[in-house]
Structure formats: structure tokens, C-alpha cells
Amino acid sequence: MTFMLTCPICGRRELHEFLCGGQERGPRPPQEGLSAEAHFRYAQFRSIPPAPQPEWWYHGQGCGVWFKATRNPATNREERPGG
Ligand SMILES: [Zn+2]
């Protein structure tokens with residue numbers, strides 16, 4: 179079974195056309211007063227819960243657009259509104 183992803187410009191395409199940019203993690207912590215440990219934790223630690231999560235994807239073999247898609251790590255399937 180091939181993992182498919184939906185580019186907002188090109189539509190559904192096979193995964194090999196994309197590069198994953200990692201989890202969407204929200205805003206960066208403030209630069210001022212951030213301890214080295216807090217920065218390390220922000221930059222290096224990831225939690226991957228077995229639930230749908232937003233991720234950054236790049237359509238490198240297509241239109242060259244970065245976009246967010248929601249993938250469920252438990253099923254490795256894209257979750258889209260309305261199915
Ligand atoms: Zn595209």
C-alpha cells in the first residue's frame with residue numbers, strides 16, 4: 179500500500195514526491211531569558227503520540243510548496259477534513 183499525501187496545489191500524490199519537515203510545534207519560545215536546557219529541549223525533544231498531528235511537508239518533486247498536513251503515526255495515513 180502506498181502512502182498518499184494531498185498537496186494543496188497538485189492534489190493527491192505518492193509520498194516519494196515529498197519531504198517531511200517535521201512536526202508543527204507552534205510558536206518558538208522567547209529568545210530572551212531562555213536557558214540552554216530549555217532551548218535544547220525545544221530543539222531536540224519530540225513526542226510522537228499515536229494520534230493525528232500536524233506536520234510540515236515539502237512537495238519537492240512537484241510545485242515546491244511547503245504546507246501542513248495531518249498524519250496519524252499509528253496508521254501512517256493522512257487525516258483530512260471530511261475523510
Ligand atoms: Zn504540489
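Per the working numbering, the sequence shown runs over residues 179 to 261.
For each residue, glycine too, the CB sits at the ideal point set by N, CA and C.
Original post:
Any residues whose CB sits closer than 5 Å to a heavy atom of ligand 1? List them in chain order?
Top reply: C185, I187, C188, H237, G240, C241
Original post:
Just how far apart, CA to CA, sit C188 and G211?
Top reply: Their Cα atoms are separated by approximately 43 Å.
Original post:
Does the count of Cβ pairs from the segment 218-234 and the segment 190-202 closer than 8 Å reach three?
Top reply: A contact exists between the segment 218-234 and the segment 190-202.
Original post:
Considering only the beta carbon of each residue, do E256 and T184 sit closer than 8 Å?
Top reply: yes
Original post:
Hey, how far is the Cα of R190 from the Cα of M182?
Top reply: 6 Å
Original post:
Can you name, in chain order, every residue of its own chain whose Cβ lies under 6 Å from the Cβ of C128, other than the five neighbours on each side?
Top reply: Limits of the chain in this structure are 179 at one end and 261 at the other, which puts residue 128 out of reach.
Original post:
If we ignore side chains and look at the alpha-carbon of each, how far apart do L193 and P207 end up?
Top reply: 31 Å
Subject >> Own chain, CB closer than 8 Å to A252, minus 5 neighbours either side, in chain order >> reply: P228, A229
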